[in-house]
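Each residue of the sequence shown is one higher than the one before, starting from 326 at the first, in our numbering. The beta carbon of each residue, even a glycine, is placed where N, CA and C say it ideally should be. The next block holds one structure in the form of structure tokens; read it before the comments.
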Amino acid sequence: MSFIIDRQSQEELNLMGKFRQGSVYSLFNLVKTRSGEQLLDQLFKMPLMDEKLINQRAAVFQFFQQQKLQFPFDPQQVQLMQEYVDAAGDKGPLYTLINILVKKTLSGLTRDERYKALIQGLQASIVCLQKCQGIVELLYQQQGPYRQRAAEIKSILDNPKMKALTDTDIYSGISVKKIAGSDHLLKNKFIQQVRTVLQFIAELDVNICVGNVAASGQFTWATALPRQSNMLKATDLRHPCISGAIGNDISMQQHSNVIFLTGANMAGKSTWMKTIGISMYLAHIGFPIAAASMEFSVREGIYSSINVADNIALGYSHFYAEVVRVKNAADATATGRHLLLMFDELFKGTNVKDAYDGTLAVTEAFAEYQNCLFIVSTHIIEVGEALKSRKNISFHFMPTVLVQGGPRYTYRLKEGITEDRQGMMIIRNEGILELIGH
Numbered sequence: 326m327s328f329i330i331d332r333q334s335q336e337e338l339n340l341m342g343k344f345r346q347g348s349v350y351s352l353f354n355l356v357k358t359r360s361g362e363q364l365l366d367q368l369f370k371m372p373l374m375d376e377k378l379i380n381q382r383a384a385v386f387q388f389f390q391q392q393k394l395q396f397p398f399d400p401q402q403v404q405l406m407q408e409y410v411d412a413a414g415d416k417g418p419l420y421t422l423i424n425i426l427v428k429k430t431l432s433g434l435t436r437d438e439r440y441k442a443l444i445q446g447l448q449a450s451i452v453c454l455q456k457c458q459g460i461v462e463l464l465y466q467q468q469g470p471y472r473q474r475a476a477e478i479k480s481i482l483d484n485p486k487m488k489a490l491t492d493t494d495i496y497s498g499i500s501v502k503k504i505a506g507s508d509h510l511l512k513n514k515f516i517q518q519v520r521t522v523l524q525f526i527a528e529l530d531v532n533i534c535v536g537n538v539a540a541s542g543q544f545t546w547a548t549a550l551p552r553q554s555n556m557l558k559a560t561d562l563r564h565p566c567i568s569g570a571i572g573n574d575i576s577m578q579q580h581s582n583v584i585f586l587t588g589a590n591m592a593g594k595s596t597w598m599k600t601i602g603i604s605m606y607l608a609h610i611g612f613p614i615a616a617a618s619m620e621f622s623v624r625e626g627i628y629s630s631i632n633v634a635d636n637i638a639l640g641y642s643h644f645y646a647e648v649v650r651v652k653n654a655a656d657a658t659a660t661g662r663h664l665l666l667m668f669d670e671l672f673k674g675t676n677v678k679d680a681y682d683g684t685l686a687v688t689e690a691f692a693e694y695q696n697c698l699f700i701v702s703t704h705i706i707e708v709g710e711a712l713k714s715r716k717n718i719s720f721h722f723m724p725t726v727l728v729q730g731g732p733r734y735t736y737r738l739k740e741g742i743t744e745d746r747q748g749m750m751i752i753r754n755e756g757i758l759e760l761i762g763h
């Protein structure tokens, strides 16, 4: 069973996208190598659902943050090594020798570049293996969560034949026989071990990168708990992609698993919900989160409804698109899975009376599901009053304060239900009525 998050939720939280402005992925995509980026893609697309695995991965990233290592490899040489190994074939040593002799001969007679490319690939591979020896020794000497992985790579590099290869002076005159022997060793006899080393280099790239992002952003590491505990607790939780973002606390547990969030438009409700969703997603891939502390029970998926749009192709109005979204969420919840579900401004595509009735009914219905964590926001504050008898619903709001006759938003979460009704004041401040009058 894999973690559930659909495309709409991914887009609302702006999780993916190498070139998408402000995406969470782009925040971490500071890797040096193509293989490192491929590994980063894999991690981002496959959240974990086992608390032990999540905590183990987070511990590795935290270890690299503490070590403050620099990536020791030249990315171009790593790529040359990757291409060199990818060209491997199941050939014997004699065939390898003859093939290299032919390539060398052709390079002297024509403009055949294959021999030059082979030598460059071999040289790059040996340089990368030499650098790998240095950092592996360093990591092996450190007690911590990565020592076992370092020991695995150390055993490969400590092989006498591999050691003889890495001791080679690749820039001195080497006989064709020696080149053929090295080529056969790397591409045939030790091909799996060499690929393991390349995977290790990609891991180093990602581990160092994530550790550096955590350090520069002053992020922390969430602690994963079993899903049955059904809780989320964080202090000073911030949006990781907003510079100078205001932090807030959140506390949800089994007996209080629904948050009802109120506040005026522009008060920060949507951003707060996105912050929670992004943080939960990052926590499930073991990545650092922008907070002072966080612990959470593992979810089996995240479902959001924050920026629901019309679907002209299907003939959906905004309101009907919202209804379909809620229905899909209800179907997911009814499976009994442990989910995080977030609904921002439910049924804003219809009239106030229907929006009130719909928001109240949906919130009450979802509150019955004890396996899930729910966050519902609205600016129809009367709904909150009707929900006060529910024991497992907590009430929070984003306040609006008046400064010199105009609204100012603090983005500081408070307990209770807002009493802010600033809409008419904003209309008057903008001089709309005077414009219409003229």
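Kindly list the residues whose CB is nearer than 8 Å to the CB of residue i, restricted to its own chain and excluding five residues on each side of it in sequence; keep chain order.
i	result
GLU766	Outside the shown range of the chain, which is 326 to 763, sits residue 766, and nothing can be said about it.
ASN329	Looking at the sequence itself, residue 329 is Ile, so the reference to Asn does not match. Closer than 8 Å at the Cβ level, and outside the excluded window around ILE329, lie GLU625, GLY626, ILE627, TYR628, ALA657, ARG662, LEU664.
LEU482	LEU454, CYS457, GLN458, VAL461, LYS488, THR491, VAL522
LEU447	TYR409, ILE495, ILE504, SER507, ASP508, LEU511
THR684	LEU671, PHE672, VAL701, THR703, ILE705, VAL708
VAL412	First, the amino acid is wrong: residue 412 is Ala here, not Val. Contacts found: GLY446, LYS512.
Note down, in chain order, each residue of its chain lying with its Cβ closer than 7 Å to the Cβ of residue i, except the 5 sequence neighbours on either side.
i	result
LYS343	TYR350, SER351, ASN354
LEU364	ALA527, GLU528, VAL531
LEU727	none
Let's test the definition: count the other Cβ atoms within 10 Å of the Cβ of residue i and tell me whether it reaches 16, buried, or not, exposed.
i	result
GLY661	exposed
ASN582	buried
LYS678	exposed
ASN282	This structure does not reach residue 282, given that the chain is present from 326 up to 763, and the question cannot be answered.
MET406	buried
ARG345	exposed
GLU693	exposed
ASP375	exposed
LEU738	buried
ASP508	buried
MET326	exposed
GLU408	exposed
ASP669	buried
ARG650	buried
LYS594	buried
ILE742	buried
GLN335	buried
GLN390	buried
ILE533	buried
PRO372	buried
ALA659	exposed
GLU647	buried
GLU337	buried
ALA383	buried
PRO485	exposed
ILE781	Because the chain here runs from 326 to 763, residue 781 falls outside it and cannot be looked at.
MET569	For the record, residue 569 in the displayed sequence is Gly; it is not Met. Its Cβ having fewer than 16 others within 10 Å, GLY569 is exposed.
GLY536	buried
SER480	exposed
GLY361	buried
LEU586	buried
What whole-angstrom Cβ distance do residue i and residue j have, given they're in contact under 8 Å?
i	j	result
ALA616	ASP561	6 Å
LEU665	MET605	5 Å
MET598	TYR734	That belief does not hold up - the Cβ atoms of MET598 and TYR734 are roughly 15 Å apart, past 8 Å.
ARG563	THR600	7 Å
PHE388	GLY469	5 Å
PRO400	THR358	5 Å
MET667	ILE631	7 Å
HIS580	ASN696	No, HIS580 and ASN696 are not in contact; Cβ-Cβ is about 13 Å, not under 8 Å.
ALA608	ALA540	Not quite, the Cβ-Cβ distance comes to about 18 Å (not below 8 Å), so this is no contact.
ALA589	ILE575	Actually they are not in contact, since the Cβ atoms of ALA589 and ILE575 sit about 20 Å apart, beyond 8 Å.
ARG472	LEU463	Not quite, the Cβ-Cβ distance comes to about 11 Å (not below 8 Å), so this is no contact.
Got a sec? Which residues, its chain only, sit under 6 Å from residue i by beta carbon, not counting five neighbours each side?
i	result
LEU368	ILE610
GLN578	MET556
ALA449	GLN402, LEU405, MET406
LYS370	none
LEU639	With a pLDDT of 43 at LEU639, under the threshold of 50, the predicted position of this residue should be treated as unreliable, though the coordinate-derived value follows. Here the set comprises nothing.
PHE691	PHE699
SER719	SER581, ILE584
| field | Continuous beta strand (DSSP E) assignments of at least 3 residues falling wholly in the region 556 to 632 | value | 557 to 562, 573 to 577, 583 to 588, 618 to 622, 626 to 630
| said: Under 8 Å, with one C-beta from each stretch per pair, do the region 615 to 632 and the region 548 to 560 reach the 3-pair mark? | reply: yes
| query | In chain order, which beta strand (DSSP E) runs of at least 3 residues are fully inside the region 496 to 561? | reply | 548 to 550
| Hey, which unbroken runs of the beta strand (DSSP E) at 3 residues or more fall wholly within the region 452 to 483? | none
| message | For a minimum of 3 consecutive residues, which ranges assigned as the beta strand (DSSP E) are wholly contained in the region 645 to 716? | response | 664 to 669, 698 to 703
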